[in-house]
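Comments concern the structure below.
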Amino acid sequence: MDKPIKSAGESAEEIIAWAKDHEMETCFDRAEKQKPCPIGESGACCKVCHMGPCRLVGKNAEEEATGVCGATLSTVAARNMLRMIAAGTAAHSDHARDMALTLLAVANEEVSDFKIKDVKKLYRVAGILEVEFEGRPVLDVARDVATLFVEDFGRQKGAINYAIKRAPEKTRKRWEKWGIVPRGVDREVVEALHRTNIGVDHDPDHLLTHGLKVALADGWGGSMISTDITDILFGTPAPVKAEASFGIFKEDEVNLIVHGHEPTLAEVIVDTVGEPEMIEYAKSKGAKGINLGGMCCTANEILMRHGIPTAGGFTNQELGIMTGLIDVMTVDVQCIMPAIATLSKKFHTKVITTSEKAKMQGAEHIEYDEHRAKEVAIKIIKTACDNFPNRTTKGSHITKKSTLIGGFSEEYIAYMQGGKWRASFRPLNDAIIAGRIRGVVGLAGCDNPRVPSTGIHKFIATELIKNDVLIVSTGCGSAACGTAGYLTPEMALENAGPGLREVCEAIGIPPILHLGACVDNSRILTIVTAMAKEGGLSDEIAGMPAVGIAPEWMSEKALAIGAYFAASGVPCIFGGESPVGASEEVTKIMTDVWFERFMGTLEFEPDPEKMLERALNYIDAARENLKLRKYEPGKFGTERVLMDMAARREITPHAGVGGINESEG
Ligand code: BF8
Numbered sequence: 002m003d004k005p006i007k008s009a010g011e012s013a014e015e016i017i018a019w020a021k022d023h024e025m026e027t028c029f030d031r032a033e034k035q036k037p038c039p040i041g042e043s044g045a046c047c048k049v050c051h052m053g054p055c056r057l058v059g060k061n062a063e064e065e066a067t068g069v070c071g072a073t074l075s076t077v078a079a080r081n082m083l084r085m086i087a088a089g090t091a092a093h094s095d096h097a098r099d100m101a102l103t104l105l106a107v108a109n110e111e112v113s114d115f116k117i118k119d120v121k122k123l124y125r126v127a128g129i130l131e132v133e134f135e136g137r138p139v140l141d142v143a144r145d146v147a148t149l150f151v152e153d154f155g156r157q158k159g160a161i162n163y164a165i166k167r168a169p170e171k172t173r174k175r176w177e178k179w180g181i182v183p184r185g186v187d188r189e190v191v192e193a194l195h196r197t198n199i200g201v202d203h204d205p206d207h208l209l210t211h212g213l214k215v216a217l218a219d220g221w222g223g224s225m226i227s228t229d230i231t232d233i234l235f236g237t238p239a240p241v242k243a244e245a246s247f248g249i250f251k252e253d254e255v256n257l258i259v260h261g262h263e264p265t266l267a268e269v270i271v272d273t274v275g276e277p278e279m280i281e282y283a284k285s286k287g288a289k290g291i292n293l294g295g296m297c298c299t300a301n302e303i304l305m306r307h308g309i310p311t312a313g314g315f316t317n318q319e320l321g322i323m324t325g326l327i328d329v330m331t332v333d334v335q336c337i338m339p340a341i342a343t344l345s346k347k348f349h350t351k352v353i354t355t356s357e358k359a360k361m362q363g364a365e366h367i368e369y370d371e372h373r374a375k376e377v378a379i380k381i382i383k384t385a386c387d388n389f390p391n392r393t394t395k396g397s398h399i400t401k402k403s404t405l406i407g408g409f410s411e412e413y414i415a416y417m418q419g420g421k422w423r424a425s426f427r428p429l430n431d432a433i434i435a436g437r438i439r440g441v442v443g444l445a446g447c448d449n450p451r452v453p454s455t456g457i458h459k460f461i462a463t464e465l466i467k468n469d470v471l472i473v474s475t476g477c478g479s480a481a482c483g484t485a486g487y488l489t490p491e492m493a494l495e496n497a498g499p500g501l502r503e504v505c506e507a508i509g510i511p512p513i514l515h516l517g518a519c520v521d522n523s524r525i526l527t528i529v530t531a532m533a534k535e536g537g538l539s540d541e542i543a544g545m546p547a548v549g550i551a552p553e554w555m556s557e558k559a560l561a562i563g564a565y566f567a568a569s570g571v572p573c574i575f576g577g578e579s580p581v582g583a584s585e586e587v588t589k590i591m592t593d594v595w596f597e598r599f600m601g602t603l604e605f606e607p608d609p610e611k612m613l614e615r616a617l618n619y620i621d622a623a624r625e626n627l628k629l630r631k632y633e634p635g636k637f638g639t640e641r642v643l644m645d646m647a648a649r650r651e652i653t654p655h656a657g658v659g660g661i662n663e664s665e666g
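So the numbering used here is basically just the index in the sequence shown, starting at one, shifted up by 1.
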């Protein structure tokens, strides 16, 4: 693979060079100056009490090193991992709680700027939750659904709704066997903090088992709740064309960028920004119009539903400001570099914090409140317009951008395989059985300045599709692929292996399906659940030819995601040095032991080539276990065996579907 200097994004590299010439610092410079502490990086630093911090290092650290209290290296590394998973879960789920409260407020008619856009999705969710919906007023159904979701956060006993009502039965049985069915999101997070407190839980396996339970409260709780409510309120995504990279900024229009994660305010801005009064206001300030764009996961949310362009992922935020073209950047929660407030002072850009939970020195604060969402949106849009005349020529003006297709949801993927009346996952399962598609990879997680940013995403994405692996992407994985121009059907024509290309051409899809924001990794859970229910592959999530890869992860949220996929039965390969690498015991628990119990892992591999090799090995091993025909590029459909419905019904997953080469795709 080519080795770019700091970023694999051509435009990003240009801006980084511009920054260097103008003596401005970026995360790439800080990453170079600030090397990771090797003790903390590998999980060997304990700072849960003030007798330490203790460093559990030395020749035989695993056997001999202890903290002042006697905690061993495996206890410390497991405790650190559990705390990170809990923090990641808290982030996704606090966002989800706000979504649930917004839905409740809509149902109770306490807010006027939101309504239920997707009643069909509401009914689908109500059906899963066993809420009666036929013949009832929509708001009553919404109230019952919202109430059940709100209860998922504070429940003390029992189980999170989706963990028992949505996961495949066999998957749930594994969780029951190992005692990891989550009760309530808040309870699991609090218990994680309690158990990792000085002098409580010291058994690494016991600690990490709770890590899986907390993570499931994220995947099948917070994140899935957030995805579903966002669909109910703002619409379930369907394919939409959009643009990505720094060229989305317009020289002659007001550029307003929404950055962060929560979609509510961004949605009201989308609704408001095109109103004649706003356009007139922009014109009165000398601009031709208002150009709305996004960054990080807020971008993914509004791109998926409205085709709003994205300036890219995590490492693009400072670079975006350095174009000198952003009039206002609003930020709410998560993945916001505090550096942007200081940096914005060197340009005319105003950074506006909008969440009551997150403020930043040097930024203006306009607080979002769902009861006056439109008023706040107007204030922000007008602030951006007012700032347009202050724009100077200073900045690295970049014009390059790529087009992309985003907006894939579980619902749409089922629809595209059978239409309105026969929506199903049959063609996808058949394509996997036939070897046209070798397997499926979820390409997720952050972009990271510690490696040539977005570069490993690009490498992994191109190699996987060459190998006939269908990719579903989220978060900054999608941003990396989008800015690189990979999220197009042409990508399949030019780069995909013969089987994947045939499937993409038949259905008219890109080989990389953009599923949305980081919380939308929950869509991958529901997609593999649908594949399990469809039959012919595994009848649970475990054992599917599916792998998760987060090649450039940096956020604790990514670890929560990796852990909930591991517990659900998906091997997950993360890039970079292992945050538990100091302890062989903990590493073994998260790989061998978890695989034995759940058929999922959370493992770390800094070498992109090896990451790819591991992923393909998992996929091929799963195919072999399912007795699917051996994957061979370009070889499928020759010894075609047609099956009727009776024969299909006889297929028992794991029991043998060898020799079947038929696809209805
Ligand atoms: O939640 S992928 S850098 S923006 S943590 Fe953050 Fe990582 Fe991007 Fe969205 Ni997810």
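Even for Gly, the Cβ is constructed at its ideal location relative to N, Cα and C.
Secondary structure of Gly41 (DSSP, three-state): helix. Here the alpha carbons of Cys447 and Phe315 stand approximately 7 Å from one another.
Per DSSP, the continuous alpha helix (DSSP H) segment holding Met85 begins and ends at 74-108. Remark: the C-beta of Phe315 is in contact range of ligand 1, defined as less than 7 Å to any heavy atom.
The C-alpha of Ile86 is placed about 39 Å away from the C-alpha of Glu503. Secondary structure note for His515: its beta strand (DSSP E) is the uninterrupted segment 513-517. In terms of Cβ geometry, Ala547 and Asp219 do not form a close pair [threshold 8 Å].
With a cut-off of 7 Å, the C-beta of Ser556 is classified as near ligand 1, since at least one heavy atom of the ligand falls inside that distance. Sorting Ala551, Ser556, Met555, Glu578 by C-alpha distance to the C-alpha of Ala567 places Ala551 at the top. When only Cα atoms are considered, Phe599 and Ile17 end up about 43 Å apart. Ligand 1 has a heavy atom closer than 7 Å to the beta-carbon of Ala518.
Going by C-alpha positions, Glu11 is about 21 Å away from His515.
Pro205 and His366 have their alpha carbons spaced roughly 43 Å apart.
Thr489 sits in coil when the DSSP states are folded into three classes, being neither helix nor strand. In the structure shown, Arg437 adopts coil according to DSSP, grouped into three states. Three or more pairs of CB atoms, one per stretch, sit closer than 8 Å, so the region 516-526 contacts the region 440-455. The three-state reading of DSSP puts Glu357 in coil, since its state is none of H, G, I, E or B.
One Cα belongs to Phe235, the other to Gly313, and the distance between them is close to 22 Å.
Residue pairing by DSSP places Ala243 opposite Leu405 in a beta bridge. Secondary structure note for His262: it is in no beta strand (DSSP E), with a DSSP letter that is neither H nor E. Between Val186 and Phe154, the C-beta spacing is below 8 Å. In this structure, Gly223 has its beta carbon at no less than 7 Å from each heavy atom of ligand 1.
Counting only residues of its own chain and dropping the five nearest sequence neighbours on each side, Lys467 has a CB closer than 8 Å to the CB of Asn496, Ala497, Gly498. Using a C-beta cut-off of 8 Å, the region 276-296 makes contact with the region 252-268, since at least three inter-stretch Cβ pairs fall below that distance. The beta carbon of Ala108 sits closer than 6 Å to those of Leu140, Ala143, Arg144, Ala147, all from its chain and outside the five residues before and after it, given in chain order.
Beta-bridge analysis with DSSP links Ala547 to Val441. In the displayed model, Arg502 falls within a helix according to three-state DSSP. For Leu293, the three-state secondary structure derived from DSSP is strand. Exposed is the label assigned to Asn391, since fewer than 16 other Cβ atoms lie within 10 Å of its Cβ.
For the pair Arg188 and Gly159, the CB atoms are not nearer than the 8 Å cut-off.
Distances from the alpha-carbon of Asn81 to those of Arg196, Glu135, Ala9, Gly563 put Arg196 closest. Out of Lys284, Ser403, His262, Phe247, the CA that lies nearest to the CA of Thr324 is found in Phe247.
Contact between the region 91-98 and the region 219-233 is present: three or more C-beta pairs spanning the two stretches fall below 8 Å. Distances from the CB of Cys297 to the heavy atoms of ligand 1 include at least one below 7 Å. Taken atom to atom, the span from the alpha-carbon of Ala583 to that of Val269 is near 47 Å.
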